[in-house]
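Student: Handing you this structure, nothing more for now.
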Amino acid sequence: MADVVIAGAGPNGLMLACELSLAGVRPLVLERLPERTQENRANGLVGQVVRMLDRRGLYERLTGNQDPPLPAPGFVFGALPLDLSVLDDNPLYLLPVPQLRIERMLEERAVELHVEIRRGHELTGFTQDADGVTLQVSGPAGPYTIETRYLIGADGGHSIVRKLAGIAFPGVTTDETIARTAHAVVPADLVDPVTGGLDIPGYGPIPPFLHHRTEHGLFVYAPLPGAPAPLISTMEWNGQDAEGPLTLAELRASARRVLEVDIAFGPPDGQGPHLMRKLNGGNTRLAERFRDGRVLLVGDAAHVHAAIGGPGLNLGLQDAVNLGWKLAADVRGMAPTGLLDTYESERRPVAERVVMSSRAQSALIAPGSEVTGLRALFTELLSDPHNVRRIADLMSGADARYDVGVNHPLAGRWAPDLDLKDGVRLAELIRDGRPHLIDFTGGDWGYPATAALPGSAVPCTALLLRPDGYVAWASDVPQPDAESRASLRAAIQRWLG
Ligand SMILES: Cc1cc2nc3c(=O)[nH]c(=O)nc-3n(C[C@H](O)[C@H](O)[C@H](O)COP(=O)(O)OP(=O)(O)OC[C@H]3O[C@@H](n4cnc5c(N)ncnc54)[C@H](O)[C@@H]3O)c2cc1C
Numbered sequence: 001m002a003d004v005v006i007a008g009a010g011p012n013g014l015m016l017a018c019e020l021s022l023a024g025v026r027p028l029v030l031e032r033l034p035e036r037t038q039e040n041r042a043n044g045l046v047g048q049v050v051r052m053l054d055r056r057g058l059y060e061r062l063t064g065n066q067d068p069p070l071p072a073p074g075f076v077f078g079a080l081p082l083d084l085s086v087l088d089d090n091p092l093y094l095l096p097v098p099q100l101r102i103e104r105m106l107e108e109r110a111v112e113l114h115v116e117i118r119r120g121h122e123l124t125g126f127t128q129d130a131d132g133v134t135l136q137v138s139g140p141a142g143p144y145t146i147e148t149r150y151l152i153g154a155d156g157g158h159s160i161v162r163k164l165a166g167i168a169f170p171g172v173t174t175d176e177t178i179a180r181t182a183h184a185v186v187p188a189d190l191v192d193p194v195t196g197g198l199d200i201p202g203y204g205p206i207p208p209f210l211h212h213r214t215e216h217g218l219f220v221y222a223p224l225p226g227a228p229a230p231l232i233s234t235m236e237w238n239g240q241d242a243e244g245p246l247t248l249a250e251l252r253a254s255a256r257r258v259l260e261v262d263i264a265f266g267p268p269d270g271q272g273p274h275l276m277r278k279l280n281g282g283n284t285r286l287a288e289r290f291r292d293g294r295v296l297l298v299g300d301a302a303h304v305h306a307a308i309g310g311p312g313l314n315l316g317l318q319d320a321v322n323l324g325w326k327l328a329a330d331v332r333g334m335a336p337t338g339l340l341d342t343y344e345s346e347r348r349p350v351a352e353r354v355v356m357s358s359r360a361q362s363a364l365i366a367p368g369s370e371v372t373g374l375r376a377l378f379t380e381l382l383s384d385p386h387n388v389r390r391i392a393d394l395m396s397g398a399d400a401r402y403d404v405g406v407n408h409p410l411a412g413r414w415a416p417d418l419d420l421k422d423g424v425r426l427a428e429l430i431r432d433g434r435p436h437l438i439d440f441t442g443g444d445w446g447y448p449a450t451a452a453l454p455g456s457a458v459p460c461t462a463l464l465l466r467p468d469g470y471v472a473w474a475s476d477v478p479q480p481d482a483e484s485r486a487s488l489r490a491a492i493q494r495w496l497g
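Residue numbering for the sequence shown follows full-length UniProt numbering, beginning at 1 and increasing consecutively.
Take a look at the structure:
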């Protein structure tokens with residue numbers, strides 16, 4: 001019997017496979033596509049996920065850069081500028097890298113960790129009982145069955161796992177938007193050499209990469225590094241769809257309606273593949289439950305929402321990191337009672353906030369003068385650094401606080417980035433995916449001293465980190481006493497058994 005079968009070798013299934021393997025459990029990954037997809041979706045990672053990848057050594061693999069990631073000086077919320085330079089401890093990190101590269105890197109890492117990935121093998125059905133799950137699979141040599149202790153649905157928004165588990169997927173489907181995206185070149189004299197964006201006679205400047213909203217729709221100009229040509233996107237509401245696949249002429253007409261000025265887009269040089277994508281409408285849905293017995297959902301199988309602000313992989317990849325160590329502990333018979341259930345109780349509320357944020361941003365980018373009024377109000381609110389902080393925390397996921405039952409400001413939170421002894425960063429220390437006790441006292445907790453907490457406003461003498469980098473327990477007593485030692489022991493039992 002297999003320990004864990006993951007249906008879907010998208011980014012979230014692959015991340016979970018890596019996490020399980022780090023924790024000593026080798027999953028089997030089934031992927032229905034015979035080859036890795038060439039369809040690019042995400043153009044980048046937004047939020048805490050960038051630091052999470054650093055805490056697994058994967059940021060360095062994606063960037064080829066050994067320096068730690070740095071927060072972004074600015075971003076957008078609902079196509080409104082966010083000046084992040086006003087924040088002391090800015091939590092919003094960005095990594096502009098295409099999803100195809102992220103998937104390739106994760107697949108390479110999974111293979112290094114001895115994960116078996118079966119391509120061209122589609123999960124077609126399953127039944128479960130108290131002891132395990134029986135899977136029906138259609139492979140290149142025909143149908144076969146697999147027995148496994150756990151099945152993970154990482155099979156995307158149309159998840160068959162979710163449907164067969166009978167997990168409802170409530171939410172809304174809208175059909176009023178048309179989003180058009182293509183690789184296209186713009187006349188060189190329209191490109192502003194200083195900003196890298198556009199400067200269009202009769203219209204004005206359009207900054208690069210950011211959503212640019214007008215009363216008629218949305219326009220984005222994204223000269224992504226390494227791409228065959230800039231990505232040009234428009235979004236319109238209640239527009240007429242020209243039948244058939246997107247053409248540059250259709251994109252040009254759409255941009256003309258949005259900006260009320262004509263831009264002569266040209267085809268990119270070279271063979272491609274070049275992106276030409278048209279998406280009608282969208283879904284915002286959240287699985288009623290993330291678990292049904294021995295079946296669990298991660299990533300898009302559990303939640304879908306608008307891509308605005310790029311929250312998808314921030315949410316999904318951190319689902320995978322939350323689930324990996326808990327599931328591995330369960331499979332290895334080391335999990336404290338109820339540990340696996342904390343996957344849903346911790347991650348579903350985070351997904352609810354992403355749904356809320358993406359609905360709010362969708363409202364803010366819509367056309368119309370009422371929305372223009374709403375945006376003027378938001379612009380005022382965003383001149384206050386406290387509000388910028390709240391939005392940055394929401395978009396990055398830094399506002400997630402899990403219930404760990406410990407009364408300390410850091411407890412349940414993402415551990416701060418720290419420089420430990422001998423120049424080692426916390427992000428480097430925890431790449432092994434194991435729990436760590438970090439002792440700032442010089443060894444009083446009975447472990448070697450690892451660090452001083454530099455410049456922190458929060459008094460702290462020791463931290464217990466879960467494998468996902470969240471603080472399971474923290475103390476501020478200068479010297480450990482009976483009470484603080486007992487609370488540390490209780491935290492170890494609660495999370496690590
Ligand atoms: C246009 C667009 C732009 C986006 N931009 C961003 C962005 O900038 N930033 C961001 O963070 N996110 C973005 N997203 C969201 C992001 O792409 C998704 O959140 C992400 O792909 C979800 O990963 P996943 O692994 O959960 O699912 P998927 O990527 O959907 O992977 C699921 C895998 O399961 C396989 N599968 C399905 N059924 C079966 C079966 N029965 N048996 C075996 N295998 C199966 C599929 O072939 C697929 O490989 C964007 C999405 C879209 C559509």
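No residue lacks a Cβ here, since even glycine has one placed at the ideal position from N, Cα and C.
Taking 6 Å as the limit between beta carbons, can you name the residues of its chain near A242, skipping five residues before and five after?
Tutor: E250
Student: Against chain D, with Cβ distances strictly below 8 Å, would P480 count as a contact?
Tutor: Reference to chain D is not applicable here, since this structure consists of a single protein chain.
Student: Check N283 in the structure and name its three-state DSSP category.
Tutor: strand
Student: What are the complete beta strand (DSSP E) segments, minimum 3 residues, inside the stretch 60 to 144?
Tutor: 74 to 77, 80 to 83, 116 to 119, 122 to 128 and 133 to 139
Student: Identify whether G44 lies in helix, strand or coil by the three-state DSSP scheme.
Tutor: coil
Student: Could you spell out where the alpha helix (DSSP H) holding G13 opens and where it closes?
Tutor: Run containing G13: P11 to L22, per the alpha helix (DSSP H) assignment.
Student: What residue does the alpha helix (DSSP H) around Y203 start on, and which one ends it?
Tutor: Looking at the DSSP string, Y203 is not in any alpha helix (DSSP H), and its letter there is neither H nor E.
Student: So the candidates are M1, L80, L30 and E344; which of them puts its Cα closest to the Cα of L377?
Tutor: From the listed residues M1, L80, L30 and E344, the smallest Cα separation to L377 is found for L80.
Student: Look up T177 in the DSSP assignment and say whether it is helix, strand or coil.
Tutor: Residue state, collapsed to three classes: strand.
Student: Could you check the C-alpha separation between R353 and T127 for me, to the nearest Å?
Tutor: So the alpha carbons of these two residues sit roughly 32 Å apart.
Student: What first and last residue would you give for the beta strand (DSSP E) that runs through F219?
Tutor: G217 to A222
Student: DSSP state of V406, grouped into three classes?
Tutor: coil
Student: So is D3 buried or exposed if we call it buried at 16+ other beta carbons inside 10 Å?
Tutor: buried
Student: Kindly confirm or deny that the stretch 396 to 408 and the stretch 428 to 447 touch, where touching means at least three C-beta pairs closer than 8 Å.
Tutor: No: the two stretches stay apart, fewer than three of their Cβ pairs being nearer than 8 Å.
Student: Quick one: what's got a C-beta closer than 8 Å to G156's C-beta in the same chain, skipping five residues either side?
Tutor: G8, G10, G299, D300 and A301
Student: Is the number of C-beta pairs between the stretch 224 to 243 and the stretch 176 to 196 that are closer than 8 Å three or more?
Tutor: yes
Student: Where does E344 fall in DSSP's three states?
Tutor: E344 falls in the helix class under three-state DSSP.
Student: Give me, in chain order, the residues of the same chain whose beta-carbon lies closer than 6 Å to that of Y59; leave out the 5 immediate sequence neighbours on both sides.
Tutor: L53 and P69
Student: Can you tell me whether G455 is helix, strand or coil according to DSSP?
Tutor: For G455, the predicted structure reports a pLDDT of 47, less than 50, and the residue's modelled location is therefore unreliable. The matter cannot be settled from this model.
Student: Taking 7 Å as the cut-off, is the C-beta of I160 nearer than that to any heavy atom in ligand 1?
Tutor: yes
Student: Exposed or buried, L488, counting other C-beta atoms within 10 Å across all chains shown (16 or more means buried)?
Tutor: By the neighbour-count rule (16 or more Cβ atoms within 10 Å), L488 is buried.
Student: Have a look at V46 and D189 and give me their C-alpha separation to the nearest angstrom.
Tutor: Rounded to the nearest angstrom, the two C-alpha atoms are 31 Å apart.
Student: Taking only three categories from DSSP, how would you classify L429?
Tutor: helix
Student: Heavy atom of ligand 1 less than 7 Å from the Cβ of G9, yes or no?
Tutor: Correcting the residue type first, residue 9 is Ala in the shown sequence and not Gly. Indeed, a heavy atom of ligand 1 lies less than 7 Å from the Cβ.
Student: Rounding to the nearest angstrom, what Cα-Cα distance links M334 and S475 in this structure?
Tutor: Each residue's Cα considered, the two are about 25 Å apart.
Student: Is it buried or exposed, residue 519, if we count other Cβ atoms within 10 angstroms and call 16 or more buried?
Tutor: Absent from the structure is residue 519, since the part of the chain shown begins at 1 and ends at 497.
Student: Excluding the 5 residues preceding and the 5 following W495 in the sequence, name in chain order all residues of the same chain whose CB lies nearer than 6 Å to its CB.
Tutor: R466 and A472
Student: Helix, strand or coil for D422 per DSSP?
Tutor: helix
Student: Mind checking who W414 pairs with in its DSSP beta bridge?
Tutor: Beta-bridge annotation (DSSP): W414 is paired with Y470.
Student: Return yes when the C-beta of T174 is under 7 Å from any heavy atom of ligand 1, and no when it is not.
Tutor: no
Student: As a quick exercise: from D131, A328 and G226, pick the residue whose alpha carbon is nearest that of V97.
Tutor: G226
Student: Judging by CA-CA distance, which residue of G469, C18, T461 and A328 is the nearest neighbour of D481?
Tutor: Ranking the options by Cα distance to D481, first place goes to T461.
Student: For L87 versus G74, is the C-beta distance shorter than 8 Å?
Tutor: no
Student: Report the residue from Y470, H158 and S396 whose alpha carbon sits nearest the alpha carbon of P71.
Tutor: Of Y470, H158 and S396, the residue nearest in Cα terms is S396.
Student: Kindly examine ligand 1 and report whether one of its heavy atoms sits closer than 7 Å to the Cβ of L33.
Tutor: yes
Student: By Cβ distance, which residues of its chain are closer than 7 Å to S484, with the 5 residues on each side in sequence left out?
Tutor: S475 and V477
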